[in-house]
Amino acid sequence: MNQIIGKALIETLEMVFVSTTFAVILGFIPAIILTITAKDGLKPNKVIYTILDFIINTLRSFPVLILMIVIIPLTRFIVGKSIGTEAAMVPLTIAAAPFVARIIESSLREVDKGVIEAAKSFGASNTQIIFKVMLKEAVPSIMSGITLTIISIVGYSAMAGTIGGGGLGQVAISYGYQRFQTDVMIETCIILIIVVQILQLLGNYFYNKLSK
Amino acid sequence: MIEIKNVIKSFGQTQVIKDVSISINEGEIYGIIGHSGAGKSTLLRCINGLESYDGGSINVMGKEVSSLNGSSLREFRKDLGMIFQNFNLMQRKNVFDNVALPLEVWGYTKSEIKDRVLELLKLVGLDDKRLSKPSELSGGQKQRVAIARALALNPKILLCDEATSALDPKITKDILKLLSKINKELGITIVIVTHQMEVIKEVCEKVALLDGGEIKAEGKAEDLFLKPGKSLKKFLGEEDDGILPDDGINIKLFFPSNSSENALITKMARELEVDFSIVWGKLEKFREEVLGGLVINIRKEDKDKVIKYLENKDIILEVLE
């Protein structure tokens, strides 16, 4: 049993970290575009902002469980199958990316306008302002946003387990629920609690380190 | 150096700058004073194109600011350093990296950056703080870092937006001394926007009073403060009418710096054998000079005698009715 749980834990962690990585990559670009085109941004553009804003809100309105089923064709196209850990990574990434986009956007918007003005005053270009000033200043805030994302994805991944995504969620459902092995259920819950605590501690540690 | 002509600027329906014209010469320290909301910070931002203006012309070193955009505007801004009330330093960079940022942006090499930054930190007196983060510095030190950053690209003009408003009086003096030094040693023209009278008195040669988006008074700082017009008196909150005696004649004397120490008043009393009372007086320090104003009350019959005497001594005076 311990072997099964150990393997499931590794699957969960795989799902979480691969999905987070891709979600951050996917979410980063729209976040930058939203920040630039916002009303008080470096190059306001209402049309682009509104469209992107709408797409992100739409993606965020799907419950994760529904999203997993809806995008099965896309999942098949990308990883070649619709069941298993790899298959779960696709919907997890797509569920988390718009979340990440919002988090990075709000972190960038929190950057002191005065600092941006100072950068303009010595002739920095918009690209330099984004990469050398805004992102640099926003790193701690983005870091704590990513911690939030990772922990949400841990929750999502457990849901993925219930529909054949593997990981701790699947163990809890198939052993703990369907076979009435309450001890397995409790064990997986404890492991999840520990995982989340460790992730949050790590997140706080990096946040403190970066904001100094 | 900077020619501002009939500039107009509105935010939505409100006109914040109404037909302002100012001329600032090379090497000057020029003060723009006014209450908050008078439009002075906006005017300052028009000079380096951080704000646009709706009408009129701003010509800086032969370039019309509104005609610049994109890379020509960025290139132009290299010549205009700027410092701010809230310092606007990057919290996550140390002092060295904050000062280095403009140089990095303009593609200087690592060794050029190092030499220049160390030289600048020496100039502002912070060479021992180069590895500190802004959060570890006092307000005065932060402003010094900001000054070093503003000077990094060797600008011809330094714009100061309420640069001392967040600092206590002692630190304000130190920062103003530094600005004076920069003006003298590096020959940088400085434009200061402030609501603090001390700032104007301490460093500014010329001053413009901006109120409700209009220039209400303009001229040499000492002239303006020794003989303030109505709007400046209102700004200073000193309406001295009403406190002077009603009988006799009140004469206000202005002492330029070279005569204020001479015992002119007592000499006059002795030589003319007249009696008078001193009813109001003030001494002000303007940069290096001490200037004074004094109101004496004399008898009507002594008026011509006294005025003639004073005029012979080249004293500027004003008979207050």
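Protein chains in written order, with the numbering used here: chain A, 185 to 396; chain B, 69 to 389. Yeah, the Cβ is synthetic: ideal placement off N, Cα and C, and Gly gets one too.
Within chain A, the residues that residue i reaches when beta carbons sit closer than 7 Å
i	result
residue 170/B	306
residue 116/B	305
residue 303/B	Here the premise fails: no neighbours, minimum Cβ distance about 27 Å.
residue 213/B	Within 7 Å Cβ-Cβ: nothing; residue 213/B doesn't reach chain A, min ~11 Å.
Contacts of residue i in chain A (Cβ-Cβ under 8 Å)
i	result
residue 145/B	304, 305, 306 and 307
residue 160/B	320, 321, 323, 324, 394 and 395
residue 34/B	The structure shown has nothing for residue 34/B, since chain B only spans 69 to 389.
residue 221/B	306 and 307
residue 69/B	In chain order: nothing, as chain A lies at least about 18 Å away.
residue 142/B	307, 308 and 309
residue 156/B	296, 298, 299, 301 and 302
residue 336/B	Neighbours of residue 336/B on chain A: none; closest Cβ ~54 Å, over 8 Å.
residue 322/B	Per Cβ cutoff of 8 Å: no residues; residue 322/B is ~40 Å from chain A at best.
In DSSP terms, what residue i is bridged to
i	result
residue 278/B	283/B
residue 97/B	258/B
residue 258/A	Looking at the DSSP assignment, residue 258/A forms no beta bridge with any residue, so it has no partner.
residue 150/B	227/B
residue 348/B	363/B
residue 293/B	Looking at the DSSP assignment, residue 293/B forms no beta bridge with any residue, so it has no partner.
residue 388/B	318/B
residue 212/A	Residue 212/A is not bridged to any residue.
residue 132/B	127/B
residue 354/B	357/B
residue 288/B	274/B
The beta strand (DSSP E) enclosing residue i, as first and last residue numbers
i	result
residue 83/B	82-92
residue 77/B	70-79
residue 365/B	357-366
residue 317/B	317-323
Segment limits, alpha helix (DSSP H) that includes residue i
i	result
residue 294/A	Note, residue 294/A: premise wrong, no alpha helix (DSSP H); not H, not E.
residue 381/B	No alpha helix (DSSP H) holds residue 381/B; DSSP gives it neither H nor E.
residue 125/B	Run containing residue 125/B: none in the alpha helix (DSSP H); it sits in the beta strand (DSSP E), 123-128.
residue 268/B	265-271
residue 380/A	366-395
residue 331/A	319-346
residue 18/B	Nothing can be reported for residue 18/B, as the shown portion of chain B is limited to 69 through 389.
residue 234/A	230-245
residue 202/B	Where residue 202/B is concerned, there is no enclosing alpha helix (DSSP H), given that its DSSP letter is neither H nor E.
Interface partners of residue i on chain A, CB under 9 Å
i	result
residue 259/B	None at all; the shortest Cβ gap to chain A is about 13 Å.
Any contact between the stretch 189-200 of chain A and the stretch 326-345 of chain A? By contact I mean 3 or more CB pairs, one from each, below 8 Å.
yes
Under 8 Å (Cβ pairs) to chain B, residues found in the stretch 286-302 of chain A:
296, 298, 299, 301 and 302
In chain order, what residues of the stretch 304-336 of chain A put their CB closer than 8 Å to some CB of chain B?
304, 305, 306, 307, 308, 309, 312, 316, 317, 320, 321, 323 and 324
Residues in the stretch 118-136 of chain B with C-beta within 9 Å of chain A's C-beta atoms, listed in sequence order?
118
Counting Cβ pairs closer than 8 Å, one from the stretch 253-260 of chain B and one from the stretch 284-299 of chain B, do we hit at least three?
no
Within 8 Å, do at least three Cβ pairs link the stretch 259-274 of chain A to the stretch 340-355 of chain A?
yes
Stretch-stretch touch, CB-based, cutoff 8 Å, three pairs: the stretch 69-77 of chain B with the stretch 114-134 of chain B
yes
Report yes or no: do three or more beta-carbon pairs, one from the stretch 283-294 of chain A and one from the stretch 309-327 of chain A, lie closer than 8 Å?
yes
Report yes or no: do the stretch 234-247 of chain B and the stretch 174-182 of chain B share at least 3 C-beta pairs separated by less than 8 Å?
no
Cβ contact check for the stretch 267-284 of chain B and the stretch 107-116 of chain B: 3 or more pairs under 8 Å:
yes
Are the stretch 77-92 of chain B and the stretch 343-350 of chain A touching, with three or more C-beta to C-beta distances below 8 Å?
no
Could you tell me whether the stretch 213-228 of chain B touches the stretch 161-169 of chain B, where touching means 3 or more Cβ pairs closer than 8 Å?
yes
Taking one C-beta from the stretch 216-227 of chain A and one from the stretch 250-270 of chain A each time, how about it: are there three or more such pairs within less than 8 Å?
no
Count the CB pairs spanning the stretch 296-313 of chain A and the stretch 230-240 of chain A that are closer than 8 Å, and state whether there are at least three.
no
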